[in-house]
Amino acid sequence: MTAPLLKIEDLRTYFYSKSKQAFIRSVDNVNLEIGKGETLGVVGESGSGKSITALSVMGLLSAGPGVITGRIGFKSDRVQKNLLQDIGDFVKLTMMDGKVMAVQKDEDGWQELSEHRMSNLRGKEISMIFQNPKQSMNPFMTVGRQITEAIQLHTEHKSEQAAKERALEWLDRVKIDTPRLRFDNHPYGLSGGMCQRAMIAMALSCEPSLLIADEPTTGLDATIQSKIVDLLAELKAELGITTMLISHDISIISRLSDTVAVMYGGTVVETGPAKAILAKNEDLKHPYTAALLISIPSSENIKGKGNLQAIEGDVLDTINIPAGCRFYGRCNRVTDKIKEKCERQEPDLRDISPGHKARCWLYFD
Amino acid sequence: MSKTILEVIDLKKHFAHRKGLLSFGEPHRSIPAVDGVSFYLKENETVGLVGESGCGKTTIGRTILRLEKPTSGRIIFDGTDITALDTGELRKLRGKMQMIFQDLDAALNPKMRIREILNEAITVHHELTDADVDKRIAELLEQVNLKRSKLSNFPHELSGGEKRRVGVARVLSVGAQFLVADEPTSALDVSIQAQVVNLLRDLQKQLGLSFLFISHDLRVVELVSHKVAVMYLGKIVEMGLSGRIANKASHPYTHILWSSLVEKQSREAGKKATSVQAGRWGVFDFERPLEGCRFAPRCPVFESKGRPDICTSAASEPVLREIAGGHQVACHFPL
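Keeping their order, the protein sequence lines are chains A and B.
Numbers 12 to 376, taken from the numbering used here, label the letters of the first sequence in order.
Numbers 273 to 607, taken from the numbering used here, label the letters of the second sequence in order.
Here is the structure:
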């Protein structure tokens, strides 16, 4: 494995709920690594903390009494730092009987430090493609103007003309037809798929070291979706850009990723090479991943016209996280031997085969 | 042979497009959201309706239930023509046909508890005593597999899957036999989606329901439907048994739809389906559909045949014709 470009260690992002006097533990002890040039796919159900992890990396979560702890080590050719250094100093907790009574946060100080640290990274070193391109773009500015602005800000192409040429080049590269015409369109004048292409152009135009794509194809039609996936695959082959790809759609993850992390209830339950994790064999896999894989309508179970194998129960409530394994309540592979452990103690993320880690008692005795 | 519960004949729904307050006198342009659609649905059967967003799937569902007034055509439900019923007669009909809505955050009243929501639905069509209502609610909860403790909750306190179950329970509570399920699994996680799909299929077996299943998720449609109709810009372009549509598609559009499934592509990694690559995505305009075949501007076959006139001339718009048992396609050059 190449040296990790991004190394997240013990990341915890909590939000305080005043009415429940407790933390909503959206992201709870996440450890991830992305090597240079690799694509890491993050899968999980909604509410499993995928997007919050991404937003924590981008430093876009300062508002509200949210608490972020841990270490996000970012190391590119140009920059090397811990994105979360000293950021916890701005938060004071008042605890009573194990309950969080109040959270005091020096919002301004937090904001200032976070902005100061991120301002020369965001866009330039790390950029992000959001789920909803139309809402993420400025509706009052033409698409071309927005891309040009980003280029002028973050690259050496400072002159209007040079930046415009670059922007047009990128629009062409993401296969927008008649880029010169589309350059002067406002976001609402573009279709969903085209808007997503423009968004990708904007994210890549500053040649960032890390691209975070948060559900880049969700909400698009099947035909458009496959076009965008094709485009991402092509750009990946062409530019070798390091990507963190977040999606709940396993088929997209399997198409684009080198490594995969499966998230459940705010934490990573399994991580390893994409091939090992997404293979359809039952053994050597976290039970959640196995259950997730067979609950997708695939050609095999379509042919049988049988019922789908659903995971019973509901997604974990991240306020009252159980003491034991997070997946215990829905797990169908608990054996008598490990039952007690599953209920009481949370397993660590440990190697089950070289480079393949899982958080499950089945594999360590 | 089971009987036909719903028959739709040449249904059209055109929406008037007004430009603004000052456009008096200008001719109203109309948007043909549904433009001449015919199909039928048998008892205990599921017909899947697929197509890209904006092709008129939902409008068909709403028009069949008479939530919209059809522009022309006929809808025959259970032997009676319901195209021109007045509101009083429609009210009675609502006890037999219902819709499972796409967005349950909007469809469930946020200020009512689940018990009140179900109670209202039960009593609106049937006069029952309180004890009977309680019994019926218990029965419904059992059918949709929902915990009794959720009855005192408000909709926002439920998860996506539970909300979906409430939506289904509410539809069942009136005793409907024919259901239009509009994107019932979109916006749900795969694990929850599987639960909902299983629930709908179990209910169909138990209660003998008929479904018009609208979805853009091709895999789910292929799984639950007996027959599938593929729509493009307000018209059905291909219709047949679901296995045939998925594996032996004849219309270029259906072919592109199914081969664009990312799962399929990743399995056949390396050998890219050429027809997908050849598909040219021209802009389509609902207000002025092209003459002739509507799909021609995006059609790979049209390109490869050297843009034959038959595809673009107004006189020869392709119509649905049978190519094999129950498999119909509207294309001059079926694959």
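Beta carbons: idealized from backbone N, C-alpha and C, even for Gly.
These numbers were taken from a predicted model, which means no experiment stands behind them.
> By Cβ distance, which residues of its chain are closer than 7 Å to A410 of chain B, with the 5 residues on each side in sequence left out?
Replying inline: So no residue of the chain qualifies.
>> Less than 7 Å between C-beta atoms, sequence neighbours within five positions excluded: which residues of the same chain meet that for G551 of chain B?
In response: In this predicted model, G551 of chain B has a pLDDT of only 40, less than 50, meaning its place in the structure is not dependable enough to derive any value.
>> What does the alpha-carbon distance come out to for the pair E351 of chain A and I305 of chain A?
In response: Taking the straight line joining both Cα atoms gives about 27 Å.
>> Taking its Cβ as the centre, do 16 or more other Cβ atoms sit within 10 Å of V591 of chain B, making it buried, or is it exposed?
In response: With fewer than 16 other CB atoms across the displayed protein chains lying within 10 angstroms of its CB, V591 of chain B is exposed.
> Which of the residues in the segment 466-499 of chain B, read from start to end, lie with their CB under 7 Å from any CB of chain A?
Replying inline: Flagged, chain order: A466, Q467, V469, N470, R473, H488, L490, R491, V492, E494 and L495.
> What does E324 of chain B touch in chain A if you count any residue whose Cβ is under 7 Å from its own?
Replying inline: In chain order: D232 and T234.
> For the putative contact between A448 of chain B and K368 of chain B, defined by C-beta atoms under 8 Å, what is the C-beta separation to the nearest angstrom?
Replying inline: The C-beta distance from A448 of chain B to K368 of chain B rounds to 6 Å, short enough to meet the 8 Å contact threshold.
> chain B partners of A321 of chain A, CB-CB under 7 Å?
Replying inline: Residues of chain B passing the Cβ test: S463, A466, Q467 and N470.
> Are the Cβ atoms of V443 of chain B and I372 of chain B separated by less than 8 Å?
Replying inline: Their beta carbons are under 8 Å apart, which means V443 of chain B touches I372 of chain B by this criterion.
> By DSSP, does H527 of chain B sit in helix, in strand, or in coil?
Replying inline: DSSP places H527 of chain B within a helical segment (H, G or I) once states are collapsed to three.
> Tell me, which residues are paired with F349 of chain B by DSSP?
Replying inline: Answer by DSSP bridge pairing, in chain order: B:L278 and B:T352.
>> Restricting to runs no shorter than 3 residues, where is the beta strand (DSSP E) found entirely within the segment 401-479 of chain B?
In response: Those beta strand (DSSP E) runs which fall completely within the segment 401-479 of chain B and span 3+ residues are 450-454.
> In angstroms, rounded to a whole number, what distance separates the CA positions of Q32 of chain A and E414 of chain B?
Replying inline: The alpha-carbon atoms of Q32 of chain A and E414 of chain B are separated by roughly 34 Å.
> Between the C-alpha atoms of K329 of chain B and D454 of chain B, what's the straight-line distance to the nearest angstrom?
Replying inline: Pairing K329 of chain B with D454 of chain B, the inter-Cα distance amounts to about 9 Å.
> How would you call T105 of chain A, buried or exposed, if buried means at least 16 neighbouring beta carbons within 10 angstroms?
Replying inline: Exposed, since its Cβ has fewer than 16 Cβ neighbours within 10 Å.
>> Below 8 Å on the Cβ atoms is my contact criterion, and I expect V502 of chain B with E510 of chain B to pass it. Report the Cβ-Cβ distance as a whole number of Å.
In response: Between V502 of chain B and E510 of chain B, the beta carbon gap of about 5 Å places them in contact (Cβ cut-off 8 Å).
>> Using C-beta distances below 8 Å, list every residue in its chain close to R370 of chain A, excluding the 5 sequence neighbours before and after it, in chain order.
In response: Excluding positions up to five away in sequence, the list reads T278, V279, V280, E281, H297, C336, E357, P358, D359, L360 and R361.
>> Tell me whether the segment 258-275 of chain A and the segment 235-247 of chain A touch, counting them as touching only if at least three CB pairs, one residue from each stretch, are closer than 8 Å.
In response: Contact annotation: the segment 258-275 of chain A touches the segment 235-247 of chain A, with at least three C-beta pairs closer than 8 Å.
> Listed from N- to C-terminal order along the chain, which residues in the segment 419-434 of chain B have their beta-carbon within a distance smaller than 9 Å of any beta-carbon of chain A?
Replying inline: Contact annotation: in the segment 419-434 of chain B, residues whose CB is within less than 9 Å of a CB in chain A are S431, G432, G433 and E434.
>> What would DSSP say about K135 of chain A, mapped onto helix, strand or coil?
In response: If DSSP states are grouped into helix, strand and coil, K135 of chain A belongs with coil.
>> If you reduce the DSSP assignment to three classes, tell me which class Q356 of chain A lands in.
In response: Correct three-state label for Q356 of chain A: coil.
> Since M205 of chain A is in the alpha helix (DSSP H), which residue starts that stretch and which ends it?
Replying inline: Looking at the DSSP string, the run of the alpha helix (DSSP H) that includes M205 of chain A is G203 to L215.
>> Between which residues of its own chain and I307 of chain A is the CB-CB distance below 7 Å, once the five residues before and five after are set aside?
In response: I261.
> Can you name the start and end residues of the alpha helix (DSSP H) that P572 of chain B belongs to?
Replying inline: For P572 of chain B, the enclosing alpha helix (DSSP H) begins and ends at P572 to S576.
> Buried or exposed: P382 of chain B, going by 16 or more other Cβ atoms within 10 Å of its Cβ?
Replying inline: Residue environment analysis places P382 of chain B among the exposed positions, since fewer than 16 neighbouring C-beta atoms fall within 10 angstroms of its C-beta.
> Does the segment 425-433 of chain B come close enough to the segment 384-403 of chain B that 3 or more CB-CB pairs lie under 8 Å?
Replying inline: Result yes; three or more Cβ-Cβ pairs closer than 8 Å.
> Should H127 of chain A be labelled buried (16 or more other beta-carbon atoms within 10 Å of its own) or exposed?
Replying inline: H127 of chain A comes out exposed.
>> Counting only Cβ pairs nearer than 7 Å, list the residues of chain B close to P308 of chain A.
In response: Scanning chain B for C-beta atoms nearer than 7 Å to the C-beta of P308 of chain A yields R491, V492 and L495, reported in chain order.
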